[in-house]
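Trainee: One structure follows; several queries about it will come next.
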Amino acid sequence: MLPFFVIIPLGCAFLIPLVSKVKEEWTGLLANLCGLSLLALSIKGIFWVKTGVKIYTVGGWLPPFGICMALDALNACMLLVVNLIGFLALMYSLDYIKKYTSPGLFYTLFCLLLAGLNGVSVTGDLFNMFVFFEITSIACFALVAFGTEAQELEASLKYLVLGSIADTLILLAIGLLLGKVSTLNMADIARSLKVTGPDNLVLYSTGLFFVGFALKAGLVPFHAWLPDAHPSAPAPMSAMLSGVVIKVVGIYALVRVLFNIIGFSAMASEICIWLGIISMIVGVLLAIGQWDFKRLLAYHSVSQIGYVIFGIGLGTPLGIIGGLFHLCNHSLFKSLLFLNAGSVEYATGTRRLDELSGLSSQMPVTSKTSLVASLSIAGVPPLCGFWSKLIIIVAAFQAHHLAGAVACIAVGMVTLASFLKVQKYAFIVKAKEAVSVIKEAPVLMTLAMSILAFLCILVGLCVFPVINTVIKPAAEVLLSGTGYAGWILGGR
Numbered sequence: 127m128l129p130f131f132v133i134i135p136l137g138c139a140f141l142i143p144l145v146s147k148v149k150e151e152w153t154g155l156l157a158n159l160c161g162l163s164l165l166a167l168s169i170k171g172i173f174w175v176k177t178g179v180k181i182y183t184v185g186g187w188l189p190p191f192g193i194c195m196a197l198d199a200l201n202a203c204m205l206l207v208v209n210l211i212g213f214l215a216l217m218y219s220l221d222y223i224k225k226y227t228s229p230g231l232f233y234t235l236f237c238l239l240l241a242g243l244n245g246v247s248v249t250g251d252l253f254n255m256f257v258f259f260e261i262t263s264i265a266c267f268a269l270v271a272f273g274t275e276a277q278e279l280e281a282s283l284k285y286l287v288l289g290s291i292a293d294t295l296i297l298l299a300i301g302l303l304l305g306k307v308s309t310l311n312m313a314d315i316a317r318s319l320k321v322t323g324p325d326n327l328v329l330y331s332t333g334l335f336f337v338g339f340a341l342k343a344g345l346v347p348f349h350a351w352l353p354d355a356h357p358s359a360p361a362p363m364s365a366m367l368s369g370v371v372i373k374v375v376g377i378y379a380l381v382r383v384l385f386n387i388i389g390f391s392a393m394a395s396e397i398c399i400w401l402g403i404i405s406m407i408v409g410v411l412l413a414i415g416q417w418d419f420k421r422l423l424a425y426h427s428v429s430q431i432g433y434v435i436f437g438i439g440l441g442t443p444l445g446i447i448g449g450l451f452h453l454c455n456h457s458l459f460k461s462l463l464f465l466n467a468g469s470v471e472y473a474t475g476t477r478r479l480d481e482l483s484g485l486s487s488q489m490p491v492t493s494k495t496s497l498v499a500s501l502s503i504a505g506v507p508p509l510c511g512f513w514s515k516l517i518i519i520v521a522a523f524q525a526h527h528l529a530g531a532v533a534c535i536a537v538g539m540v541t542l543a544s545f546l547k548v549q550k551y552a553f554i555v556k557a558k559e560a561v562s563v564i565k566e567a568p569v570l571m572t573l574a575m576s577i578l579a580f581l582c583i584l585v586g587l588c589v590f591p592v593i594n595t596v597i598k599p600a601a602e603v604l605l606s607g608t609g610y611a612g613w614i615l616g617g618r
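Written out as structure tokens, the structure reads:
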């Protein structure tokens with residue numbers, strides 16, 4: 127079933143333009159059916175990997191001689207995140223995208239985006255990972271510019287230029303490794319490097335990978351594109367960019383290379399730790415002064431990704447569990463916040479916090495779900511964000527990294543202050559003028575937000591089953607290091 131993670135969205139991307147010629151309203155239904163099918167496969171994937179790693183060989187050629195797709199607990203977790211957020215964003219889009227022209231084009235690009243993200247997650251070949259990066263980047267570039275206003279086009283161009291630089295660095299790193307070990311299969315590269323040992327060329331390639339993936343993840347100081355791209359995109363795309371894209375093409379790809387291909391080292395750990403701390407602090411300080419709702423959320427993406435890379439960078443079992451758990455939690459509450467911002471803009475025509483007020487009575491669902499998401503990102507118990515942050519902080523103390531633990535706590539407090547500002551100005555403060563003309567977002571938009579808010583609460587209340595079922599097995603894949611090669615290649 128592994129190829130269907132790519133075949134289904136690619137097939138829908140091909141069919142949607144044809145369907146739009148007959149009846150444009152059907153394109154949204156087809157895209158949502160695609161998203162629902164992928165989500166069902168992803169849930170099934172969590173249980174598939176309990177019996178071991180699943181491998182699909184393209185054309186029947188066994189790795190390392192042929193291209194393969196692999197499903198282990200780590201990419202099963204990523205597929206669940208991608209397709210859950212993707213499906214809810216598509217559901218939200220059914221009403222939201224009506225304010226734009228060419229919904230068929232939007233759904234075509236969205237399905238291409240899902241194909242690229244799923245392909246990155248399941249491929250076992252470095253060059254094919256790069257190809258899926260390109261599919262993802264092209265879809266993102268077009269979707270960021272979908273409104274075709276000056277701001278959107280400028281943000282899209284910046285995303286394209288910096289994304290192209292990242293892609294070039296990654297492609298160069300792949301080429302250098304290919305020249306050294308004469309293979310592109312990730313497991314075979316890991317096996318070869320284990321025999322030959324690290325040298326200056328491998329170190330140089332690792333540096334190129336690091337910068338390329340850090341650019342895609344929006345880590346400081348490689349975050350310049352992110353605060354423009356996230357606010358400019360349509361709300362469902364903003365949710366995907368922050369909730370999914372920067373994690374799959376940035377964090378997932380980085381940790382897969384560092385842990386399972388090259389091997390995690392003390393130097394890589396230090397770089398991850400300090401990049402995480404700097405991103406946490408810089409992101410939240412830049413966010414606190416923002417009055418544009420979506421721009422504020424974009425800077426918080428930089429900050430929260432800092433938590434993820436810091437936790438994983440500790441390299442301890444608890445740290446990796448905390449980092450991966452926060453990655454999943456961030457997908458829930460940050461996607462929800464961007465959908466909240468989209469609903470506010472949809473209803474009021476603005477996303478400036480200083481121009482909003484009194485929305486809690488006019489938009490009760492948006493107000494309540496925004497409160498759940500705000501408390502989650504701030505780490506207020508018992509919501510999901512509290513547990514992942516707590517695990518990271520405990521892991522930092524266990525690793526005797528006092529500076530990192532203090533930074534996590536301090537950034538959490540500033541994050542809470544930032545989102546108290548959001549709640550105050552957008553929802554709590556009474557309106558100076560009558561706002562009776564403002565209505566709640568349409569039903570499918572509120573349904574998508576309600577499901578995400580419910581998941582934020584449910585994951586917080588069922589934290590141990592979630593960790594044991596999804597997060598801990600994924601962490602074990604990273605902790606196995608280059609032992610990943612043995613799972614894929616077996617005795618070959």
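The sequence shown begins at 127 in this note's numbering and counts up one residue at a time. Note that the Cβ used here is the ideal one computed from N, Cα and C, for glycine as well. Bear in mind the structure is a predicted one, so any value in this text is a computation, not a measurement.
Does the CB of V375 have a neighbour CB from chain C at under 8 Å?
Mentor: Among the chains in the structure shown there is no chain C, since it carries only a single protein chain.
Trainee: For K284, which of helix, strand or coil comes out of DSSP?
Mentor: helix
Trainee: Beta-carbon within less than 6 Å of L286's beta-carbon, same chain only, minus the 5 sequence neighbours each way: which residues are those?
Mentor: F267
Trainee: Work out the CA separation of L482 and A522 for me, nearest whole Å.
Mentor: Those two C-alpha atoms are separated by around 39 Å.
Trainee: To the nearest whole angstrom, what separates the beta carbons of L450 and A601, a pair I think is in contact under 8 Å?
Mentor: Contact holds; Cβ gap of about 6 Å.
Trainee: Among the residues of its own chain, which have a CB less than 8 Å from the CB of L334, if the five just before and after it don't count?
Mentor: Sequence-distant Cβ neighbours of L334 in its own chain, meaning closer than 8 Å and more than five residues away, are L295, I296, L298, A299, L302.
Trainee: Look up L181 in the DSSP assignment and say whether it is helix, strand or coil.
Mentor: Looking at the sequence shown, residue 181 is not Leu but Ile. It is a strand residue.
Trainee: Taking the beta strand (DSSP E) that A196 belongs to, which residues open and close that run?
Mentor: 194 to 197
Trainee: From this set, V383, N386, L352, R382, which residue's C-alpha is nearest V371's C-alpha?
Mentor: L352
Trainee: To the nearest angstrom, report how far apart H624 and S576 are at their CA atoms.
Mentor: With the chain running from 127 to 618 in the structure shown, residue 624 is simply not present.
Trainee: Could you please give me the residues that DSSP links to T249 through a beta bridge?
Mentor: M195
Trainee: Could you please give the first and the last residue of the uninterrupted alpha helix (DSSP H) stretch that includes V410?
Mentor: 392 to 414
Trainee: Return yes when the Cβ of G192 is within less than 8 Å of the Cβ of V184, no when it is not.
Mentor: yes
Trainee: Roughly how many angstroms lie between the CA atoms of V179 and I614, to the nearest whole one?
Mentor: 8 Å
Trainee: Using 8 Å as the cut-off, can you tell me whether the region 205 to 213 makes contact with the region 235 to 248, which would need three or more C-beta pairs spanning the two stretches below that distance?
Mentor: yes
Trainee: DSSP three-state call for D325: helix, strand or coil?
Mentor: coil
Trainee: Among S290, F553, V328, L283, whose alpha-carbon lies nearest the alpha-carbon of G305?
Mentor: The candidate whose alpha carbon is nearest that of G305 is V328.
Trainee: Counting along the chain, where does the alpha helix (DSSP H) carrying R382 start and finish?
Mentor: That residue, R382, is in no alpha helix (DSSP H); it is neither H nor E in DSSP.
Trainee: Tell me which residue opens and which closes the alpha helix (DSSP H) that C588 is part of.
Mentor: No alpha helix (DSSP H) holds C588; DSSP gives it neither H nor E.
Trainee: Using a Cβ-Cβ cutoff of less than 7 Å, which residues in the same chain neighbour D480 once the five nearest sequence positions on both sides are dropped?
Mentor: Taken in chain order, the residues that qualify are W417, Y551.
Trainee: I need the straight-line Cα distance from Q461 to E260, nearest angstrom please.
Mentor: It should be noted that the sequence gives Ser, not Gln, for residue 461. Cα-Cα distance, rounded: 23 Å.
Trainee: Cβ atoms of F213 and L165: under 8 Å apart, would you say?
Mentor: Taking 8 Å as the Cβ cut-off, L165 and F213 qualify as a contacting pair.
Trainee: Could you please give the first and the last residue of the uninterrupted alpha helix (DSSP H) stretch that includes I223?
Mentor: Counting along the chain, I223 falls outside any alpha helix (DSSP H), and DSSP gives it neither H nor E.
Trainee: Of the choices G448, P347, F580, R477, whose alpha-carbon is the least far from that of N594?
Mentor: G448
Trainee: Indicate the three-state DSSP secondary structure (helix, strand or coil) for I388 in the structure shown.
Mentor: helix
Trainee: Quick check on this structure: which residue in P229, Y218, L216 has the alpha carbon closest to the alpha carbon of V145?
Mentor: P229
Trainee: Would you call the region 536 to 548 and the region 501 to 521 touching, i.e. three or more CB-CB distances under 8 Å?
Mentor: yes
Trainee: From which residue to which residue does the alpha helix (DSSP H) around I564 run?
Mentor: It is not in any alpha helix (DSSP H) - I564 carries neither H nor E in the DSSP assignment.
Trainee: Taking just the CA atoms, how far does Y433 sit from A365?
Mentor: 19 Å
Trainee: Please tell me whether F464 and S368 are closer than 8 Å, where the distance is taken between their beta carbons.
Mentor: yes
Trainee: Under a three-way DSSP split, which group does R477 fall into?
Mentor: coil
Trainee: Between which two residues does the alpha helix (DSSP H) holding L188 run?
Mentor: No alpha helix (DSSP H) contains L188, which DSSP labels as neither H nor E.
Trainee: What number of angstroms, rounded off, separates the C-alpha of G323 from the C-alpha of H527?
Mentor: 29 Å
Trainee: So, at 6 Å on beta carbons, what are the nonlocal neighbours of G289 in its own chain, with the 5 sequence-adjacent residues on each side left out?
Mentor: So the list reads S263, once near-sequence residues are dropped.
Trainee: For N311 and P189, which I take to be in contact (beta-carbon distance under 8 Å), what is that distance rounded to the nearest angstrom?
Mentor: 5 Å
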